[in-house]
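Remarks on the structure that follows.
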Amino acid sequence: MPGPSEGVVWLKRWLPVAGQQVLAARCRELMEGPAGGYVPTVRGGGKMRVRMVCLGRHWNPLTYRYEETRADYDGAPAPPIPAEFAALASRIAADAGFRVEPDICLINWYGPDGRMGLHQDKDESAASIAAGFPVVSISLGDTARFLFGGLRRRDPVEPILLESGDAFVFGGPARLRYHGVSRIIPGTSPPALGLAGRFNLTFRRF
Ligand code: SIN
Ligand code: MN
């Protein structure tokens, strides 16, 4: 596993179970509320294998751009990022050695068949990426087999098991590394969360 000097920090079990319960309840509310989660259709016409809700700005899966409203779906405005979410992500980033105030959060819900193909997070502003502001990820519920690759799609990938409460941060020279989720391992969520699946939150600074 690459380390902090390379811009990659894996904070295992960063969030205790009590905090996971609170965060999972908020994610569930946002996913099920008005302007809640939907299964995006991507550029080629395929459906993503996650349910997504974007806070702060909406990531449009057809244009790969951030927008104020969900132009690809129902035109609803992206809900604001809750202050406590941004604060949580800043704390994680600080523990990983980064200073950043994220202003976007993508929440993805993975059911038992959820997955996400290998991709780069590169739709934030050029200034943000040049500054190396990290992507801050936090996982809740079932364990995911997360694939972490290199700067080129063909580079080898390392499989990592991201468990509930784990934070994973990649910034600086690692900011554009390829990553994805090959599978979810059902039945691995802490029972206290009552989740049959996985929430993943990724925070970024536009
Ligand atoms: C993502 O890359 O957007 C999600 C990563 C994850 O689910 O761990
Ligand atoms: Mn990503």
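So that you can map any letter, position 61 of the sequence shown is 43 in the working numbering, and since no number is skipped, the others follow by simple counting.
All C-beta atoms in this analysis are idealised placements derived from N, C-alpha and C, irrespective of residue type, glycine included.
Item                                                                                                                                                                  : Value
Below 7 Å, is the gap between the Cβ of T184 and the nearest heavy atom of the ligand SIN?                                                                            : yes
Note the first and the last residue of the continuous alpha helix (DSSP H) segment covering M(-17).                                                                   : No alpha helix (DSSP H) holds M(-17); DSSP gives it neither H nor E.
Which residue's Cα is closest to the Cα of V(-9): A156, L37 and Y48?                                                                                                  : A156
Say yes only if the C-beta of H40 is nearer than 7 Å to one or more non-hydrogen atoms of the ligand MN, and no if none qualify.                                      : no
Name the residue from A60, A58, D95 and S110 whose alpha carbon lies nearest to the alpha carbon of R81.                                                              : S110
What are the complete alpha helix (DSSP H) segments, minimum 4 residues, inside the stretch 4 to 82?                                                                  : 65 to 77
Could you please give the first and the last residue of the uninterrupted alpha helix (DSSP H) stretch that includes S110?                                            : A108 to A113
Do you know how far the Cα of A60 is from the Cα of P168?                                                                                                             : 30 Å
Leaving out the 5 sequence neighbours to the left and right, which residues in its chain are closer than 6 Å to R31 when beta-carbon positions are compared?          : G96 and R97
Once you ignore the five residues that flank N90 on each side, which residues in its own chain have a CB closer than 6 Å to its CB?                                   : V32, M34 and N182
Is Y92 buried or exposed, if buried means 16 or more other CB atoms sit within 10 Å of its CB?                                                                        : buried
Which residues in the same chain have their Cβ closer than 6 Å to the Cβ of R(-5), if we skip the five residues on either side of it in sequence?                     : G147
CB Y48 to CB D85, shorter than 8 Å?                                                                                                                                   : no
So G114 packs on G154, CB below 8 Å; how close in whole Å?                                                                                                            : 4 Å
L177 and A6: beta carbons closer than 8 Å?                                                                                                                            : yes
Which residue from G15, P43, P(-14) and Q3 puts its Cα closest to that of V21?                                                                                        : P43
Starting from the N-terminal side, write out each stretch of the beta strand (DSSP E) that is 3 residues or longer and does not extend beyond the stretch 120 to 161. : 125 to 130, 140 to 144 and 149 to 152
Under three-state DSSP, which class holds G99?                                                                                                                        : strand
Just to confirm, does D77 get its C-beta within under 7 Å of one of the non-hydrogen atoms of the ligand MN?                                                          : no
Does the separation of the CB atoms of E145 and S121 fall below 8 Å?                                                                                                  : yes
Mind checking who V(-1) pairs with in its DSSP beta bridge?                                                                                                           : Looking at the DSSP assignment, V(-1) forms no beta bridge with any residue, so it has no partner.
Nearest to D124 by alpha carbon, out of A174, A58, D56 and R39?                                                                                                       : A174
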